[in-house]
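Single-structure report; data block below.
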Amino acid sequence: GCKEKQCPEKLAKWDLLKIYSYIIVMEHYAMIKMNCCPKDWKPFSSHCYFTVSDSASWSESEEKCSRMGAHLMVIHSQEEQDFITKILDAKAAYYIGLSDPGHRQWRWVDQTPYNESATFWHSSEPNDNKEQCVVVSHRDSGWGWNDILCSVTQKSVCQMKKIYL
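The sequence shown begins at 1 in the UniProt record's numbering and counts up by one.
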């Protein structure tokens, strides 16, 4: 070490520069790479997704997600729709975070705007004013959304932002 012998000034400066550069690189790497999801959650884009296999009503499903620091899934793009449907069981239906408090005023649980041009309703859906909650489900025509009664028990998909370390 430098306590016993005098370090050449050039070497001391170089070591500090090397250490400083290493710190900068590691901070940059951490910002890019160290975003993660809890165990058993699936990462996609800036979020993590978890399928809840216990059936529950829409409000109970949202409560389950909330207890995990999440909310029912919000879908704003074809990419999100495609991602989630690849990991779901085609024989089941899954609540997502879209509901209608009345008069077909669809709302997402995270308060993001409902965009009519980015919806994935099955043909002829939504079809009943009393059905105010939404599931993603599979039909012969493929995956899509269906409005159902909020009291019907279904599986669900929770979503949370990735954790940045």
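Cβ coordinates follow ideal geometry from the N, Cα and C atoms, glycine included.
Backbone secondary structure at residue i - three-state DSSP
{"i": "Arg104", "result": "coil"}
{"i": "Ala118", "result": "helix"}
{"i": "Ser124", "result": "coil"}
{"i": "Thr51", "result": "strand"}
{"i": "Ile84", "result": "helix"}
{"i": "Gln111", "result": "coil"}
{"i": "Pro39", "result": "Note that residue 39 is Lys in the sequence shown here, rather than Pro. Coil at Lys39, not helix or strand."}
{"i": "Lys155", "result": "strand"}
Close Cβ partners of residue i (< 6 Å) along its chain, the five nearest in sequence each way excluded
{"i": "Ala93", "result": "Val135, Ser137, Gln154"}
{"i": "Val132", "result": "Reading off the sequence shown, one finds Gln at residue 132, where the question assumed Val. Counting only Cβ-Cβ distances below 6 Å, and skipping sequence neighbours, we find Ser99, Asp100, Cys150."}
CA-to-CA distance, residue j to residue i, given in whole angstroms
{"i": "Lys161", "j": "His76", "result": "15 Å"}
{"i": "Asp40", "j": "Ser53", "result": "13 Å"}
{"i": "Val157", "j": "Lys18", "result": "46 Å"}
{"i": "Asn127", "j": "Cys37", "result": "36 Å"}
{"i": "Ala118", "j": "Glu79", "result": "11 Å"}
{"i": "Thr112", "j": "Asp82", "result": "20 Å"}
{"i": "Gly102", "j": "Ser123", "result": "21 Å"}
{"i": "Trp121", "j": "Asp89", "result": "18 Å"}
{"i": "Ser141", "j": "Ser45", "result": "27 Å"}
{"i": "Ile163", "j": "Glu116", "result": "30 Å"}
{"i": "Asn129", "j": "Asp147", "result": "9 Å"}
{"i": "Trp143", "j": "Trp58", "result": "19 Å"}
{"i": "Leu165", "j": "Arg104", "result": "40 Å"}
Residue i: first and last residue of the uninterrupted alpha helix (DSSP H) it sits in
{"i": "Lys42", "result": "That residue, Lys42, is in no alpha helix (DSSP H); its beta strand (DSSP E) goes 42–44."}
{"i": "Lys162", "result": "Here Lys162 belongs to no alpha helix (DSSP H), and DSSP marks it neither H nor E."}
{"i": "Cys65", "result": "58–67"}
{"i": "Asp147", "result": "Segment 142–148 is the beta strand (DSSP E) holding Asp147; no alpha helix (DSSP H) there."}
Sub-9 Å separation of residue i and residue j beta-carbons
{"i": "Glu125", "j": "Trp108", "result": "no"}
{"i": "Met68", "j": "Tyr49", "result": "no"}
Contact set for residue i: own chain, Cβ-Cβ below 8 Å, skip 5 residues either direction
{"i": "His71", "result": "Glu62, Cys65, Gly97, Val109, Asp110, Cys158, Gln159, Met160"}
{"i": "residue 179", "result": "Residue numbering for the chain in the displayed model covers 1 to 165; residue 179 lies beyond these limits and cannot be assessed."}
Proximal residues to residue i (C-beta, below 7 Å), its chain only, five neighbours per side dropped
{"i": "Gly1", "result": "Its pLDDT being 46, under 50, Gly1 is placed unreliably in this model, and the value from its coordinates should be taken loosely. Cβ neighbours of Gly1 beyond the five flanking positions: none."}
{"i": "Trp106", "result": "Leu98, Asp100, Tyr114"}
Limits of the unbroken beta strand (DSSP E) element including residue i
{"i": "Lys133", "result": "Note on identity: in this sequence residue 133 is Cys, with Lys being the wrong assignment. Run containing Cys133: 133–139, per the beta strand (DSSP E) assignment."}
{"i": "Ser99", "result": "94–99"}
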